[in-house]
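Here's the structure, in structure tokens; my notes come after.
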Amino acid sequence: MEEMYFTKLKSCNLCPRFCGVNRLEGEKGFCSATGEKISVARAGLHMWEEPCISGTNGSGTVFFTGCNLRCVYCQNRKISRSEVSGTLIDIKRLAEIFMELQGKGAHNINLVTPTHYACHIKSALKEARRNGLKIPVVYNCGGYENPETIDFLGEDIQIYLTDFKYWDRQLAKAYSYAENYPAKAIRALDAMVKNTGKAEFDKSGIMQKGVIVRHLVLPEAVDNSIKSLGFLNKRYGNNIYISIMNQYTPPEGVCLPEALKQPVSNEVYGKILEFARDIGIVNGFIQEGGTVSESFIPEFDGYGVIGSGIEKQ
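One gets the working numbering by counting positions in the sequence shown from 1 and adding 19 to each.
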């Protein structure tokens with residue numbers, strides 16, 4: 020890793036948690052990530068993103084372990100809470116993975132929960148670009164970001180696939196331990212839109228640059244969804260694409276607040292979609308049929324990660 024990137028990890032403030040831990044000395048903050056190595060649970064072609072991301076070949080997805088949110092209902096909780104150990108790799112191996120995914124025909128490099136590895140990713144992308152990486156890079160995050168980190172990544176990221184989970188601060192506090200989520204997500208989204216500009220697609224309809232904002236409809240939280248979507252449309256209009264998701268499913272074996280113990284009904288999801296149409300949201304995606312979160316979860320078995328410079332966590 021280049022020395023200029025190392026310094027950010029000596030008192031880590033990559034995300035709004037501002038943990039201030041010295042990751043280079045092995046200290047862990049909220050996300051559980053430490054120093055120079057990167058923990059990856061899987062790297063492969065992924066077909067279950069929005070159509071303009073997955074396309075026909077798949078999105079070249081790298082699943083990092085750890086997370087700066089750890090939502091109580093997380094569908095990827097095995098890796099967000101490090102219940103499944105990732106494989107520790109170095110920056111050289113991460114750059115190799117990017118090249119391997121491009122070689123498999125991936126439409127893009129899709130970085131899932133990347134925030135705590137922003138420094139490593141920037142360095143790996145620099146090396147991969149030198150070696151011929153040409154496809155767009157997707158920053159697939161929970162929306163709880165620092166605009167300074169978004170600006171630090173700059174032109175290294177062409178597409179942001181980000182969440183806007185909450186307008187309601189109390190829901191953010193109860194479900195993601197982040198009462199300041201709305202304010203932080205707005206500032207970060209402003210930076211994402213500024214840095215990418217208007218969305219662009221290739222002749223096959225695959226996004227080459229731009230911002231997609233995901234909003235997961237939660238049970239007993241209609242007002243949160245309506246206010247979130249209303250805000251997004253008013254502030255950004257057609258400068259972003261909005262993906263309205265109905266795939267919430269209560270995770271098994273998890274102690275949940277009462278409100279989260281049932282899936283979202285078709286009636287509730289239909290009401291949210293009707294509101295979105297009424298306020299003029301046209302650039303976006305919806306989910307149809309009986310989608311559930313488990314349908315989109317791959318095996319976090321280290322597939323595609325093993326190579327030079329690795330060790331098990």
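We put the beta carbon where it would ideally sit given N, CA and C, even for glycine.
Alpha-carbon to alpha-carbon, residue j and residue i
i, j, result
"Glu219", "Lys213", "14 Å"
"Gly328", "Ala114", "Any reading at Gly328 needs caution, since the residue's pLDDT is 43, under 50, leaving its predicted position unreliable; the model's value is listed next. Roughly 12 Å between the two C-alpha positions."
"Tyr179", "Gly229", "7 Å"
"Arg36", "Ser78", "29 Å"
"Val232", "Gly323", "28 Å"
"Glu293", "Ala60", "38 Å"
"Cys86", "Gly45", "17 Å"
"Leu120", "Ala62", "8 Å"
"Glu198", "Trp186", "10 Å"
"Pro245", "Glu286", "The sequence shown places Ile at residue 245, not Pro. Cα to Cα, the separation comes out at about 14 Å."
"Lys217", "Gly272", "42 Å"
Residue i (DSSP reduced to helix, strand or coil)
i, result
"Arg89", "coil"
"Asn61", "This sequence places Arg at residue 61; Asn is not what is there. Here Arg61 sits in strand by DSSP."
"Leu180", "strand"
"Tyr185", "coil"
"Asn258", "helix"
"Met66", "coil"
"Ala125", "coil"
"Phe25", "helix"
Residue range of the unbroken alpha helix (DSSP H) whose run includes residue i
i, result
"Phe117", "110-122"
"Gly79", "Note, Gly79: premise wrong, no alpha helix (DSSP H); beta strand (DSSP E) at 78-83."
"Val241", "241-255"
"Tyr288", "285-297"
"Ile169", "166-172"
"Cys160", "Taken as a continuous stretch (DSSP letters only), Cys160 belongs to no alpha helix (DSSP H), being part of the beta strand (DSSP E) at 156-160."
"Ile98", "96-99"
Boundaries of the beta strand (DSSP E) in which residue i is found, first to last residue
i, result
"Gln227", "226-235"
"Gly303", "303-305"
"Leu33", "No beta strand (DSSP E) holds Leu33; DSSP gives it neither H nor E."
"Ile72", "From DSSP, Ile72 is part of no beta strand (DSSP E) but of the alpha helix (DSSP H) over 70-73."
"Val131", "128-131"
Beta-carbon contacts of residue i that lie in its chain and below 6 Å, excluding the five residues immediately before and after
i, result
"Lys27", "Cys138"
"Tyr334", "Only positions 20 to 332 of the chain appear in the structure, and residue 334 is not among them; the question remains open."
"Ile300", "Asn252, Ile261"
According to DSSP, residues forming a beta bridge with residue i
i, result
"Val50", "The question names Val, but residue 50 is Cys in the sequence shown. Per DSSP, none; premise fails for Cys50."
"Glu219", "Lys228"
"Tyr136", "Looking at the DSSP assignment, Tyr136 forms no beta bridge with any residue, so it has no partner."
"Met1", "Residue 1 is absent from the model: the chain starts at 20 and stops at 332."
Beta-carbon contacts of residue i that lie in its chain and below 7 Å, excluding the five residues immediately before and after
i, result
"Glu6", "Here the chain comprises residues numbered 20 to 332, so residue 6 is not present and cannot be evaluated."
"Ser284", "none"
Same chain only: Cβ atoms within 8 Å of residue i, ignoring 5 sequence neighbours per side
i, result
"Ile72", "Ser78, His126, Asn127, Asn129, Val157, Ile178, Leu180, Ile225, Met226, Ile231"
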